[in-house]
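Residue numbers (full-length UniProt numbering): 1 to 533.
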């Protein structure tokens, strides 16, 4: 048993020895590794010391250069010198090659900035020139408008002064007539009062005489009394011859008074009619001024829309020419395009004559010839003594004012309706163009364009067959077709017929709209054909 225990202890000790040997071997290996590592670290340390020495030399050299450039010498540690060098800007440490490249880059950047500034200066100068041109044009327009305004003010002031003078003259004449008639009536009333007093006194004296005769003849018979009662009256009528003259004078004075009253009433009526006429003319002038302003606003809107339509028409025509060049292989299509180009040229020739349509209206006639004629009528009527002629002239002038006012209102309403319809069709055309630009369904776009053309044709038919009710019957103010357009065929016989300026302007706008729609439709058809090919 002891032997086994000793054997087990020996085995345990041997096992511990083996473990100790392994651990010693591991420690020896670790020692060798540490030794190698320490050797490598010593080598690295020596290399780092050499590098530090070289770095220290470089830093000292750069620091000496810096001190020489700055002219200041300071003693400090190596770390302070490194911080000073690191804090210096990079421009202080530029060498010759770097300085050359940096200066060239700087010069190039300056030249680019110079070119940019020059271009901006040119643009600003061009904008300034355009602004000056626009300012000159606007100043010219303002001066022309001021001149027109001054002329109109002078014209209106002269007319008002003439009317005021005429009113003052008429009033003074009426007052003189009234004063004269009042004096005559006063004198006549005094005479009538005297005559009535005399008649009353004579009647009283005759009545007293008759009473005395009756008292004396009471004893006589009844027949004699009756004759005595009748005789004083006969004696009064026969014995006083002034009674017949008094009666005649009474009749004459009553006739004179009636005539004076009639003349006074006629003068008052004439004065009231003249005042009403002047007030009516003033109201009509105000209404005409307002209508003129509204017409000018509508005319500016129509001209702006026409300019936009012409610009769009030019763009569409350009696209149409490009499409014509692409589709030149078809002879039939070429002939059709040639016909359309001739039509476009004819329409463009007619575009410049649209201005003459809107100028020839009733306003020019009213402000020109009729005004002078109206003044001559006033002066002519003032020189006449017959009141019936004056009344006729006033009625004629009032009727002319009513006709002109009705014509102006009707033309304004027609112009508003025409511009509204054309604007609506124009909006539909713009929507179709937007749909075509956004690559929408071509069939629906073509159908919409066809609907626009049909509506425009209906509108054209309505405008061609319309005639305003208040159209003037004078031939000198009528606008004929030959005055608006020159006939293309010289062999055609000119026909003299009246044309409404509003209808003519509407026809021009509708023709332009139809042309733009047809060009847009042909452009869409050409694009569809090109895509299918």
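A virtual CB, placed ideally from N, CA and C, is assigned to each residue, including glycine. Owing to the predicted nature of the structure, the values given are computational and were not obtained by experimental measurement.
Check	Outcome
Boundaries (first-last residue) of the alpha helix (DSSP H) holding residue 80	78–87
Selection from 327, 256, 417, 136 that minimises the alpha carbon distance to residue 186	256
For residue 194 and residue 205, the rounded distance between their alpha carbons	17 angstroms
Whole-angstrom distance between residue 19 and residue 7, CA atom to CA atom	18 angstroms
Where residue 501 falls: helix, strand or coil (DSSP)	helix
Close beta carbons around residue 181, own chain, < 8 angstroms, minus the five adjacent residues each side	260, 263, 264
Backbone CA spacing between residue 92 and residue 51 [nearest angstrom]	25 angstroms
Proximity below 8 angstroms, CB of residue 284 to CB of residue 401	yes
When 422, 276, 522, 271 are compared against residue 443, the one with the closest alpha-carbon	522
Inter-stretch contact at 8 angstroms, needing at least 3 Cβ pairs: the region 448–463 / the region 427–436	yes
Alpha carbon of residue 63 to alpha carbon of residue 53, nearest angstrom	15 angstroms
Enclosing alpha helix (DSSP H) for residue 70 [first to last residue]	2–70
Beta-carbon separation (whole angstroms), residue 502 vs residue 418, contact threshold 8 angstroms	6 angstroms
Burial state of residue 535, where buried means 16 or more other Cβ atoms lie within 10 Å	No statement about residue 535 is possible, as the shown extent of the chain runs from 1 to 533 and does not include it.
Candidates 439, 438, 423: closest to residue 514 by CA position	423
Own chain partners of residue 56 with C-beta closer than 7 angstroms, once the 5 adjacent residues on each side are dropped	78
Inter-residue Cα distance where the pair is residue 362 and residue 316	Low per-residue confidence applies at residue 362: pLDDT is 39, beneath 50, and the placement is therefore not dependable, though the value from the model is reported in the following sentence. Using only the alpha carbons, I get a separation of about 37 angstroms.
Below-8 angstroms beta-carbon distance, residue 9 vs any chain E residue	Among the protein chains of the structure shown there is no chain E, as only one such chain exists.
Check whether residue 462 and residue 425 have beta carbons under 8 angstroms apart	no
Buried/exposed call for residue 71, threshold 16 Cβ in 10 Å	exposed
Neighbour-count burial assignment, residue 415, 16 or more Cβ in a 10 Å radius	buried
Counted within 10 angstroms of its Cβ, other Cβ atoms place residue 504 as buried (16 or more) or exposed	buried
Length of the line joining the Cα atoms of residue 308 and residue 117	36 angstroms
Three-state secondary structure assigned by DSSP to residue 351	Confidence at residue 351 is low in this model, with a pLDDT of 46, below 50, so its placement is unreliable and the value that follows should be read with caution. Reduced to three states, the DSSP call for residue 351 is helix.
Beta-carbon separation (whole angstroms), residue 170 vs residue 279, contact threshold 8 angstroms	With 8 angstroms as the limit, residue 170 and residue 279 do not qualify as a contact, their Cβ atoms being about 15 angstroms apart.
C-alpha gap between residue 296 and residue 146, whole angstroms	16 angstroms
Beta-carbon proximity check, residue 411 vs residue 459, cutoff 8 angstroms	no
Where residue 153 falls: helix, strand or coil (DSSP)	helix
Classification of residue 134 by the beta-carbon crowding that lies within 10 angstroms, buried from 16 upward	exposed
Cβ-based burial, residue 452 [other Cβ within 10 Å; buried from 16]	buried
Rounded C-alpha distance that separates residue 577 from residue 312	Since the first residue shown for the chain is 1 and the last is 533, residue 577 is missing from the structure and cannot be characterised.
Contact under 8 angstroms by Cβ, residue 258 with residue 174	no
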